[in-house]
Amino acid sequence: MYSRKCYFFLFLTITLSTSIFTKTISNDNDSAEKETWINVFFHGAVSISPALSLETINKVKQDDLENTFYLEYVKNVRQNKFFSQNEPKQEVGLIPVDTKKINIQNSAYAISKLFDLQFLDTINYYYTFGWSGLMSDKARSNDAKNFYLEFSKEIKKFHNNGIFPKVRLIGFSLGGPTCLSIAKIIKTEKLPILFYIDELILIATPIFEEALTLVSEPIFKKIYNFYSGSDRVQVLDFSQKNRHFSKQLFESTKDFKIKDNLLQIKLEILRPIKNKNGKIILSPKWKPMLPRHSVGIRKSSPGHCEWWFLQYTSTLYRNTFALTPLPAVAFIPTIINNLNNNKIEPKKIKLFDNKVTVKIRPFEDYMEIESSRGKTKLNFLSKDKFNLFKDIVYNLNFTKITGQMYAEKVGVEIEKAKIKIKNYNKNKKREKKSKKNGYRKVFNQEK
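Every position in the sequence shown, counted from 1, becomes a number in the working numbering once 3 is added.
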């Protein structure tokens with residue numbers, strides 16, 4: 004038997020050599036037989052908490068952010084690489100992820116490597132799309148148009164080389180509505196559909212009323228909406244004018260019916276508990292009806308942060324999270340591979356309806372899928388592969404961000420934003436005074 008260390012170096016060697024080989028455009032028969040996919044990660048919004056006030060809430064609701072403290076603060080944070088650590092997020096714009104070059108400035112490299120270990124039957128290219136990070140429909144629409152323009156140029160390069168890849172977008176939190184806004188821009192500005200999005204993966208995405216119509220647009224072929232009962236942040240978006248807060252699910256209404264291409268997935272993760280001596284209490288074998296609190300088992304479903312960030316982030320990632328040090332997004336490929344009807348249903352008859360619960364015990368090697376049509380037990384990662392995933396991240400030696408480090412960095416950006424707004428208000432007051440004096444001068448001359 005190989006030790007965990009041996010498995011790590013064996014798999015890393017294989018995947019590195021495979022990555023170098025498959026990323027080269029060639030006419031090799033093996034490459035020609037495999038589908039090519041482009042995967043793009045869309046990060047979430049910059050946290051509004053440091054800028055939260057009644058004035059900010061009002062401005063966000065009105066979608067009028069020009070010359071506000073919130074806007075300046077978000078701009079500062081977005082330009083500071085410190086705040087992009089521990090998540091798949093790079094600079095603003097469409098940026099490729101170099102899977103041949105180790106990068107610990109953010110987790111885009113690590114997550115892409117883990118995706119490759121699960122998408123074994125396809126050739127994959129990875130990108131991040133950096134957007135404004137604002138709670139603003141106007142800003143997201145502008146970001147979506149920028150993506151449309153940049154990605155159209157990028158995919159054309161593939162087409163010019165005789166490669167016609169499928170497209171997968173992975174949108175976390177408000178990155179999800181940014182992805183959906185691509186359809187809005189195409190429709191409102193009457194732009195040509197130059198590419199289709201074969202898979203749109205929404206993760207912990209606040210569901211707005213506008214999203215109900217956008218998911219039905221023809222640019223989206225298949226949509227997965229992932230959510231968790233432990234996520235308290237997803238429903239707190241207050242940026243919509245006609246709704247106080249957001250939702251977790253797409254729900255059918257008189258004007259909107261959920262289509263077959265939309266699958267909504269509630270993710271539940273279970274973890275073993277330890278006794279006073281630190282030993283894991285043995286879990287019961289798999290049963291069709293799993294009690295809420297089996298002996299030695301507790302729920303450890305992802306909170307908002309745990310969907311997307313590595314353990315080394317400063318807050319909201321629990322030490323007891325079952326996937327430590329990884330975020331839940333790292334395992335999305337295995338989940339959607341199992342949910343893919345063509346793989347588990349040779350007759351192509353839908354086994355599940357449009358809403359399922361996926362229960363995972365990462366300390367074992369299976370996952371359970373529940374829907375109104377029954378339950379199915381499918382393979383998850385083997386224990387060795389799960390440990391390999393953790394070792395890949397541990398061996399990259401990411402920097403642990405403490406609460407104090409984070410608070411100090413936030414404080415610097417807050418002060419910079421305050422100074423800029425203070426100077427803006429001073430200049431505005433001067434201009435107003437100058438204008439007023441000018442009117443008086445003209446009035447006195449006429450008199």
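Beta carbons: idealized from backbone N, C-alpha and C, even for Gly.
Residue i, DSSP secondary structure in three states
{"i": "P180", "result": "helix"}
{"i": "K107", "result": "Lys is not the amino acid found at residue 107; the sequence shown has Ile there. Here I107 sits in coil by DSSP."}
{"i": "L399", "result": "coil"}
{"i": "F229", "result": "strand"}
{"i": "F150", "result": "helix"}
{"i": "M370", "result": "strand"}
{"i": "R364", "result": "strand"}
{"i": "Y129", "result": "strand"}
{"i": "I503", "result": "Any answer about residue 503 is impossible in this case: the structure gives the chain only from 4 up to 450."}
{"i": "N42", "result": "strand"}
{"i": "L215", "result": "helix"}
{"i": "T318", "result": "coil"}
{"i": "L123", "result": "coil"}
{"i": "I166", "result": "coil"}
{"i": "D67", "result": "coil"}
{"i": "I335", "result": "helix"}
{"i": "R7", "result": "The predicted model places R7 with a pLDDT of 47, which falls under 50 and marks its position as unreliable, so this point remains unresolved."}
{"i": "F223", "result": "strand"}
{"i": "K250", "result": "strand"}
{"i": "K358", "result": "strand"}
{"i": "I261", "result": "coil"}
{"i": "E422", "result": "The identity of residue 422 in the sequence shown is Ile, whereas the question assumes Glu. Helix, per DSSP."}
{"i": "I188", "result": "helix"}
{"i": "I404", "result": "coil"}
{"i": "I51", "result": "coil"}
{"i": "I417", "result": "helix"}
{"i": "I23", "result": "Caution is warranted here: a pLDDT of 37 is assigned to I23, below 50, making its placement in the model unreliable, and no coordinate value can be reported."}
{"i": "I200", "result": "strand"}
{"i": "F161", "result": "helix"}
{"i": "F85", "result": "helix"}
{"i": "L391", "result": "helix"}
{"i": "A410", "result": "helix"}
{"i": "S255", "result": "coil"}
Sub-7 Å separation of residue i and residue j beta-carbons
{"i": "S139", "j": "D66", "result": "yes"}
{"i": "R274", "j": "R235", "result": "no"}
{"i": "I339", "j": "V361", "result": "no"}
{"i": "F44", "j": "T181", "result": "no"}
{"i": "A333", "j": "I114", "result": "yes"}
{"i": "N70", "j": "Y427", "result": "yes"}
{"i": "V359", "j": "S374", "result": "yes"}
{"i": "A331", "j": "L177", "result": "no"}
{"i": "N343", "j": "L381", "result": "no"}
{"i": "S304", "j": "I268", "result": "no"}
{"i": "Y151", "j": "N42", "result": "no"}
{"i": "E416", "j": "N79", "result": "yes"}
{"i": "P336", "j": "F118", "result": "yes"}
{"i": "Y230", "j": "I204", "result": "no"}
{"i": "F198", "j": "I173", "result": "no"}
{"i": "A207", "j": "W310", "result": "yes"}
{"i": "L313", "j": "N89", "result": "yes"}
{"i": "I188", "j": "A147", "result": "yes"}
{"i": "F241", "j": "I210", "result": "no"}
{"i": "G96", "j": "G133", "result": "yes"}
{"i": "K464", "j": "L68", "result": "Nothing can be reported for residue 464, as the shown portion of the chain is limited to 4 through 450."}
{"i": "Y315", "j": "K412", "result": "no"}
{"i": "M233", "j": "G306", "result": "The question names Met, but residue 233 in the sequence shown is Ser. The answer is yes: Cβ separation under 7 Å."}
{"i": "N357", "j": "L270", "result": "no"}
{"i": "C308", "j": "L319", "result": "yes"}
Residue range of the unbroken alpha helix (DSSP H) whose run includes residue i
{"i": "Y76", "result": "72–82"}
First through last residue of the beta strand (DSSP E) which encompasses residue i
{"i": "I98", "result": "96–99"}
{"i": "L266", "result": "265–275"}
{"i": "K169", "result": "169–175"}
{"i": "K302", "result": "300–302"}
{"i": "L381", "result": "377–382"}
Distance cut-off 6 Å: residue i Cβ against heavy atoms of the ligand GTP
{"i": "L197", "result": "Summarising the ligand content, the structure contains no ligands, and the ligand GTP is consequently not present."}
CB contact below 7 Å: residue i versus chain C
{"i": "Y230", "result": "The structure shown contains no chain C, having only a single protein chain."}
Legend entry - Touch test, the stretch 381–396 against the stretch 123–130, Cβ-Cβ under 8 Å, three pairs minimum: no
Inset, instruction - Assess, as a yes-or-no matter, whether the stretch 149–166 is touched by the stretch 67–83 under the definition of 3 or more beta carbon pairs within less than 8 Å. - result: Fewer than three Cβ pairs drawn from the stretch 67–83 and the stretch 149–166 lie within less than 8 Å of each other, which leaves the two stretches out of contact.
Legend entry - Cβ contact check for the stretch 255–262 and the stretch 215–225: 3 or more pairs under 8 Å: yes
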